[in-house]
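**Student:** My questions will all concern the structure given below.
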Amino acid sequence: MSIVSPGEKRPRVFSGVQPTGNIHIGNYLGALVQFVELQDQADCIYCIVDQHAITVPQDPKELRQHILDVAALYLAVGIDPKKAIVFVQSEVSAHTELSWILTCNSYTGELSRMTQFKQKNKGRESAPTGLFTYPVLMAADILLYDTDIVPVGNDQKQHIELTRDLANRVNGKYPGTFVVPDGRFMKSGARIMSLDDPTSKMSKSAVNPLSRISLLDEPAKIKKAIMRATTDSEGIIRYDIENKPGISNLLSIYSTFTGTPIPELEQKYEGAGYGTLKKDLVEVTVDALAPIQQRYAEIRNSEELLKILDDGAERANAIAEVVLKRVKNSFGLGR
């Protein structure tokens with residue numbers, strides 16, 4: 022569905038992915054597919070948010086590798102650097118400058134109510150300050166580019182609301198400082214759940230490696246994860262999230278990869294066993310990921326990738342500095 026009418030100004034889109042481990046199919050089907058679609062309808066800026074990654078300890082060498090991994094995967098899934106800006110967050114210093122300004126306009130109460138902070142801080146007496154304030158950095162990431170639309174998962178709604186609250190709060194004092202963005206949330210059918218616990222979202226931090234399928238997984242690992250996926254004892258292939266979360270999840274993955282409506286899949290597999298569905302899904306998944314893996318292998322260690330990131334940082338800086346100057350002027354910072 023188009024996000025802009027003919028003759029209207031193209032909106033600006035911003036989103037980012039953390040460079041912590043391999044991107045899985047939940048990230049891909051839920052977010053990156055949107056990124057690719059939007060680049061033909063909007064002015065898109067896609068970031069590798071490495072400063073968000075250090076809210077928890079990271080191995081510096083591994084982090085640097087993961088930054089390039091994610092950048093290469095952005096391109097491998099179809100993001101075109103001629104249509105979109107692709108860059109590394111820490112290479113544009115305005116992100117942290119704006120984050121401090123927004124921190125001074127946020128409140129501990131609203132940050133302590135953030136669901137993800139409460140989950141990550143569960144059972145602790147104290148937490149790293151960065152874990153507490155990273156939603157403000159996320160808001161800075163978005164507001165720094167006069168963003169109109171932020172494509173994110175449904176679990177990020179609270180962060181978009183905070184970003185809008187901060188923008189409106191500042192605009193209330195200093196009108197016209199920020200563009201107030203809107204979230205573009207993925208369809209519920211595209212929400213991919215864990216293969217071993219289909220009531221939980223697929224996660225790259227889950228202990229069981231067979232709970233997820235990463236974009237760079239080999240066919241043998243994909244087959245193992247899908248064939249061991251949790252189902253139920255009913256033996257009927259139908260979409261019912263509440264009563265059949267496992268089968269519903271497998272149907273969602275199948276449907277999203279192939280574009281086949283779920284009712285058609287239910288009809289196709291009427292009377293078939295779960296094993297048949299799983300075997301076919303293995304083939305669908307391997308076939309869908311093969312061109313991504315091939316493109317990734319071509320570009321991951323290339324000079325082309327480094328040049329794209331250099332160019333992206335330069336283009337992002339040019340936009341960010343204009344916005345930051347406007348914000349500093351509103352607050353009376355500098356001479």
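The sequence shown begins at 22 in the numbering used here and counts up one residue at a time.
Ideal Cβ positions, reconstructed from N, Cα and C, are used throughout, including at glycine.
1. Along the chain, where does the alpha helix (DSSP H) that runs through V57 open and close?
2. On the DSSP letters alone, give me the boundaries of the alpha helix (DSSP H) that S203 sits inside.
3. Going by CA-CA distance only, name the one from I44, E58 and D64 that's closest to P32.
4. To which residues of the same chain is S232 closer than 8 Å at the C-beta, ignoring the five residues directly before and after it?
5. Do V303 and F278 have their C-beta atoms within less than 9 Å of each other?
6. At what residues does the beta strand (DSSP E) containing I163 begin and finish?
7. Restricting to runs no shorter than 4 residues, where is the alpha helix (DSSP H) found entirely within the stretch 214-265?
8. Please go through the same chain and pick out, in chain order, the residues whose beta-carbon is closer than 8 Å to the beta-carbon of E287, but skip the five residues on each side of it.
9. Figure out for me which residue from A337, N350 and R347 has the closest Cα to the Cα of S111.
10. Between N192 and the rest of its own chain, which residues show a CB-CB distance below 8 Å, the 5 nearest in sequence each way excluded?
11. Nearest to G174 by CA position, among L50, A309 and G353, is which residue?
12. I need the straight-line Cα distance from S221 to R347, nearest angstrom please.
13. With DSSP as the reference, label G294 as helix, strand or coil.
14. Can you tell me whether I75 is helix, strand or coil according to DSSP?
15. Helix, strand or coil: which one does DSSP assign to S133?
16. Short check: CB of S114 to CB of T154, under 9 Å?
17. Rounded to the nearest angstrom, how far is the Cβ of H116 from that of D162, given a contact under 8 Å?
18. If I measure Cβ to Cβ from G355 and keep anything under 6 Å in the same chain, skipping five residues before and after, which residues do I get?
19. May I ask you to check if the CB of D101 is nearer than 8 Å to at least one heavy atom of the ligand FMN?
20. Report the rounded CA-to-CA distance for P81 versus I75, giving the unit in angstroms.
21. Does the pairing of the stretch 125-144 with the stretch 91-108 give three or more beta-carbon distances under 8 Å?
22. Helix, strand or coil: how does DSSP classify P312 here?
23. Straight-line CA distance for V344 to Q60?
24. Please classify V38 as buried or exposed, where buried requires at least 16 neighbouring CB atoms within 10 angstroms.
25. Pull up the distance between the alpha-carbon of E335 and that of G296, whole angstroms please.
26. Looking at C-alpha atoms only, which residue of Y275, R321 and P149 is the closest neighbour of K300?
27. Within this structure, are the beta carbons of P230 and V307 separated by less than 9 Å?
28. Would you identify the three-state DSSP class for Y195, choosing helix, strand or coil?
29. Taking the straight line between their C-alpha atoms, what separation do you get for A293 and I106?
30. Taking the DSSP output, what are the residues bridged to D64?
**Tutor:** Straight from the coordinates:
1. Here residue 57 is taken as the residue at index 36 of the sequence shown, counted from 1. Start and end: V54 to L59.
2. Taking the first residue of the sequence shown as 1, we reach residue 203 at position 182. It should be pointed out that residue 203 corresponds to Asp in this sequence rather than to Ser. Unbroken run through D203 is the beta strand (DSSP E), D203 to F206; no alpha helix (DSSP H).
3. The sequence position of residue 32 within the sequence shown is 11, counting from 1. Cα-wise, what sits closest to P32 is D64.
4. The residue you call residue 232 lines up with position 211 of the sequence shown. Closer than 8 Å at Cβ, skipping near neighbours: S215, L216, D217, D218, M223, S224 and A246.
5. As a working note, residue 303 is residue 282 in the sequence shown. As a working note, residue 278 is residue 257 in the sequence shown. No.
6. Walking along the sequence shown from the start, residue 163 turns up at place 142. Premise fails: I163 lies in the alpha helix (DSSP H), T150 to L164, not in any beta strand (DSSP E).
7. 240-248
8. Stepping through the sequence shown from its first residue, residue 287 is reached at position 266. Excluding sequence neighbours, E287 sits near I258, R259, Y260 and L272.
9. Along the sequence shown, read from residue 1 onward, the residue named residue 111 stands at position 90. The residue with the shortest Cα to Cα distance from S111 is A337.
10. As a working mapping, residue 192 is identified with position 171 in the sequence shown. The answer, listed in chain order, is T198, F199 and V201.
11. Numbered from its first residue, the sequence shown carries residue 174 at position 153. Closest by alpha carbon: L50.
12. Taking the first residue of the sequence shown as position 1, residue 221 is located at position 200. Taking the first residue of the sequence shown as position 1, residue 347 is located at position 326. Taking the straight line joining both Cα atoms gives about 42 Å.
13. Counted from its first residue, the sequence shown places residue 294 at position 273. Coil at G294, not helix or strand.
14. The sequence position of residue 75 within the sequence shown is 54, counting from 1. The answer is coil: DSSP assigns I75 none of H, G, I, E or B.
15. The sequence position of residue 133 within the sequence shown is 112, counting from 1. Of the three classes helix, strand and coil, the one that applies to S133 here is helix, per DSSP.
16. Stepping through the sequence shown from its first residue, residue 114 is reached at position 93. Stepping through the sequence shown from its first residue, residue 154 is reached at position 133. Not closer than 9 Å, so no.
17. Taking the sequence shown and counting its residues from 1, the one referred to as residue 116 is at position 95. Taking the sequence shown and counting its residues from 1, the one referred to as residue 162 is at position 141. That belief holds up - the Cβ atoms of H116 and D162 are roughly 6 Å apart, short of 8 Å.
18. Along the sequence shown, one-based indexing puts residue 355 at 334. Answer for G355: K349, listed in chain order.
19. In the structure on display, the ligand FMN does not appear, and there are no ligands present to speak of.
20. Walking along the sequence shown from the start, residue 81 turns up at place 60. Walking along the sequence shown from the start, residue 75 turns up at place 54. Taking the straight line joining both Cα atoms gives about 10 Å.
21. no
22. For the purposes of this step, residue 312 is identified with residue 291 of the sequence shown, where counting begins at 1. In the structure shown, P312 sits in a helix (DSSP, three-state: H, G or I).
23. Here the question's residue 344 lines up with position 323 in the sequence shown. Here the question's residue 60 lines up with position 39 in the sequence shown. V344 and Q60: Cα-Cα distance of roughly 22 Å.
24. Residue numbering aside, residue 38 sits at position 17 when the sequence shown is read from its first letter. Buried, since its Cβ has 16 or more Cβ neighbours within 10 Å.
25. Here residue 335 refers to the residue found at position 314 when the sequence shown is read from its first residue. Here residue 296 refers to the residue found at position 275 when the sequence shown is read from its first residue. Each residue's Cα considered, the two are about 51 Å apart.
26. One-based indexing of the sequence shown puts residue 300 at position 279. Closest by alpha carbon: Y275.
27. Translated into positions along the sequence shown, residue 230 becomes position 209. Translated into positions along the sequence shown, residue 307 becomes position 286. Cβ distance not < 9 Å, so P230 and V307 don't count as in contact.
28. Reading the sequence shown from its first residue, position 174 is the one you call residue 195. Three-state DSSP puts Y195 in coil, outside helix and strand.
29. As a position in the sequence shown, residue 293 is number 272, starting the count at 1. As a position in the sequence shown, residue 106 is number 85, starting the count at 1. Distance between the alpha carbons of A293 and I106: 46 Å.
30. Counting from one through the sequence shown, the residue named residue 64 turns up at place 43. R33.
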